[in-house]
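S.K.: Numbering (this note's numbering), first residue to last: 364 to 603.
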Amino acid sequence: MSEVAQAVEAIRKLRPRRVVLFTGAGVSADSGIPTFRGNEGLWRNFRAEDLATPQAFERDPVLVWQWYEMRRDIIRNAKPNAAHLAIARLHDAVVITQNVDGLHKRAGSGDVVELHGNIFRARCVREGTTTLREAPFASLPPHCECGAMLRPDVVWFGEMLSEPAIARASAAMMGADLLVVVGTSGVVYPAAGLVSLHRGLSVEINPQASSLPSACTFAIPARAAEATPPIVDAILEGSE
Ligand code: APR
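#1: Do you know offhand how far Gln369's Cα is from Val517's?
#2: Give the DSSP-derived three-state secondary structure of Arg407 in the structure shown.
#3: Could you check if Val551 belongs to the surroundings of ligand 1, using beta carbon to heavy atom distance under 6 Å?
#4: Let me know if Asp393 comes out buried or exposed under the rule of 16 or more other beta-carbons within 10 Å of its beta-carbon.
#5: If I follow the unbroken alpha helix (DSSP H) through Glu318, where does it start and stop?
#6: Should Asp540 and Gly563 be called a contact, given that it needs their Cβ atoms to be closer than 7 Å?
#7: Quick one: what does DSSP say Thr591 is sitting in, helix, strand or coil?
#8: So for Gly480, helix, strand or coil by DSSP?
#9: Short check: CB of Leu384 to CB of Ala456, under 7 Å?
#10: Should Asn569 be listed as close to ligand 1, given that the test is whether its C-beta is under 6 Å from any heavy atom?
#11: Please report the Cβ distance between Ala441 and Ile396, rounded to the nearest whole angstrom; I am assuming they are in contact, meaning their Cβ atoms lie under 8 Å.
#12: Taking 8 Å as the threshold, find out whether the stretch 530-547 comes into contact with the stretch 486-499 through three or more Cβ pairs.
#13: Report all residues from its chain with a CB closer than 7 Å to the CB of Gln429; omit the five preceding and five following residues, and keep chain order.
#14: Find out if the Cβ-Cβ distance for the pair Gly549, Ser565 is shorter than 7 Å.
#15: If we ignore side chains and look at the alpha-carbon of each, how far apart do Arg378 and Val595 end up?
#16: Among Val367, Val371, Thr416, Gly387, which one has its Cα closest to the Cα of Leu557?
#17: Is Val463 near His447, with beta carbons less than 7 Å apart?
#18: Around the Cβ of Ala590, are there at least 16 other Cβ atoms within 10 angstroms (buried) or fewer (exposed)?
#19: Check this for me: beta carbons of Ala587 and Val545, under 7 Å apart or not?
#20: Take the Cβ of Ala530 as the centre, count every other Cβ of all protein chains shown within 10 Å, and call the residue buried at 16 or more, exposed below.
#21: Drop a sphere of 10 angstroms on the beta-carbon of Ile598, count the other beta-carbons inside from all chains shown, and report buried for 16 or more, exposed for fewer.
#22: Where Val551 and Trp519 are concerned, what is the direct C-alpha to C-alpha distance, given to the nearest angstrom?
#23: Taking the continuous beta strand (DSSP E) assigned at Ile450, which residues delimit it?
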């Protein structure tokens, strides 16, 4: 019996009531958005660890903004894929995402915890105020009305995640009876560590093995767009 069929059977038996999703860049790969560490590679051979840091922004804000504007352009033109749309059918689920692309909300998910922020929000480095800005900036680096520079409102390496986001994500993980992990390498903390808070049935969807701290009950070696819909169908069957 295939891993999907085994997971579907276990979910049908469990009839989960409190579902939590934990997603990474792989859930958006089928929307044409490059992952950080997968085979799809990175922009200009830079590693996220070299660009997504306060030090890189301090050193060369224009280069960091060029990288973000390139990613914003790809994301602006991308569409939620079958995985995002399937997850959005789980109206009561909590979606904890490491992604900053906003595709879960665009797909219709209502309860999304964006652990690493959102690439379409910019933050004043002086006032800390944020503004939603979907359109490309006329010049880089962009500036706030107060004259200070704007930065992407995302969490960079070495920065803390927002306390409320961590609290909501931890509570969801501990309270869930089913965890579905989609498209993460599981190597970036503290996000990856949240998975070990979950004690119930868990299903992971990833074409390659991840380094998640606690192995999931079922590991489905498949693309998110292919394997997520049948898993969501099994969850919804139990809720009828
Ligand atoms: N479907 C499912 N998973 C996929 C697909 C796909 N179509 N394509 C690739 N993957 C998997 C890869 O096998 C890999 O394990 O998605 C994972 C992507 O891993 P990363 O690129 O490391 O992305 P992620 O785990 O989200 O990274 C976490 O690191 O750079 C920081 O802040 C950034 O949020 C990011 C964090």
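The beta carbon of each residue, even a glycine, is placed where N, CA and C say it ideally should be.
M.R.: Looking at the atomic coordinates:
#1: Residue mapping note: residue 369 aligns to position 6 of the sequence shown, counting from 1. Residue mapping note: residue 517 aligns to position 154 of the sequence shown, counting from 1. Near 37 Å, if we compare the C-alpha coordinates of Val517 and Gln369.
#2: Mapped onto the sequence shown, residue 407 falls at position 44. Note that Arg407 has pLDDT 47, beneath the 50 cutoff, so the model's placement of it is unreliable and the number below is only indicative. DSSP places Arg407 in helix when its eight states are reduced to three.
#3: The residue labelled residue 551 in the question sits at position 188 within the sequence shown. Flag set: Cβ of Val551 near ligand 1.
#4: Looking up residue 393 in the sequence shown gives position 30. Per the 10 Å Cβ criterion, buried.
#5: Outside the shown range of the chain (364 to 603) lies residue 318, about which nothing can therefore be said.
#6: As a working mapping, residue 540 is identified with position 177 in the sequence shown. As a working mapping, residue 563 is identified with position 200 in the sequence shown. Against a cut-off of 7 Å, the Cβ pair of Gly563 and Asp540 comes out as a contact.
#7: Looking up residue 591 in the sequence shown gives position 228. For Thr591, the secondary structure class from DSSP, reduced to helix, strand or coil, is helix.
#8: Reading the sequence shown from its first residue, position 117 is the one you call residue 480. In this structure, Gly480 counts as strand in the three-state DSSP scheme.
#9: For the purposes of this step, residue 384 is taken as residue 21 along the sequence shown, with counting starting at 1. For the purposes of this step, residue 456 is taken as residue 93 along the sequence shown, with counting starting at 1. Closer than 7 Å, so yes.
#10: As a position in the sequence shown, residue 569 is number 206, starting the count at 1. Checking every heavy atom of ligand 1 against the Cβ of Asn569, one is found closer than 6 Å.
#11: Position 78 of the sequence shown, counted from the start, is the residue given in the question as residue 441. Position 33 of the sequence shown, counted from the start, is the residue given in the question as residue 396. 6 Å between Cβ atoms; contact.
#12: no
#13: As a position in the sequence shown, residue 429 is number 66, starting the count at 1. Excluding sequence neighbours, Gln429 sits near Leu503.
#14: On the sequence shown, residue 549 is found 186 positions in, with the first residue counted as 1. On the sequence shown, residue 565 is found 202 positions in, with the first residue counted as 1. In this structure, Ser565 does not lie closer than 7 Å to Gly549 by Cβ.
#15: Position 15 of the sequence shown, counting from 1, holds the residue named residue 378. Position 232 of the sequence shown, counting from 1, holds the residue named residue 595. Each residue's alpha carbon lies about 12 Å from the other.
#16: For the purposes of this step, residue 557 is taken as residue 194 along the sequence shown, with counting starting at 1. Nearest C-alpha to Leu557: Gly387.
#17: Counted from its first residue, the sequence shown places residue 463 at position 100. Counted from its first residue, the sequence shown places residue 447 at position 84. No. Outside cutoff.
#18: Here the question's residue 590 lines up with position 227 in the sequence shown. It counts as buried.
#19: Indexing the sequence shown from 1 puts residue 587 at position 224. Indexing the sequence shown from 1 puts residue 545 at position 182. Taking 7 Å as the Cβ cut-off, Ala587 and Val545 qualify as a contacting pair.
#20: Position 167 of the sequence shown holds residue 530. Answer is exposed; the Cβ neighbour count stays below 16.
#21: For the purposes of this step, residue 598 is identified with residue 235 of the sequence shown, where counting begins at 1. With 16 or more Cβ atoms within 10 Å of its Cβ, Ile598 is classed as buried.
#22: Counting from 1 along the sequence shown, the entry for residue 551 is found at position 188. Counting from 1 along the sequence shown, the entry for residue 519 is found at position 156. Straight-line Cα distance between these residues: approximately 11 Å.
#23: In the sequence shown, the residue the question calls residue 450 occupies position 87. Unbroken run through Ile450 is the alpha helix (DSSP H), 445-451; no beta strand (DSSP E).
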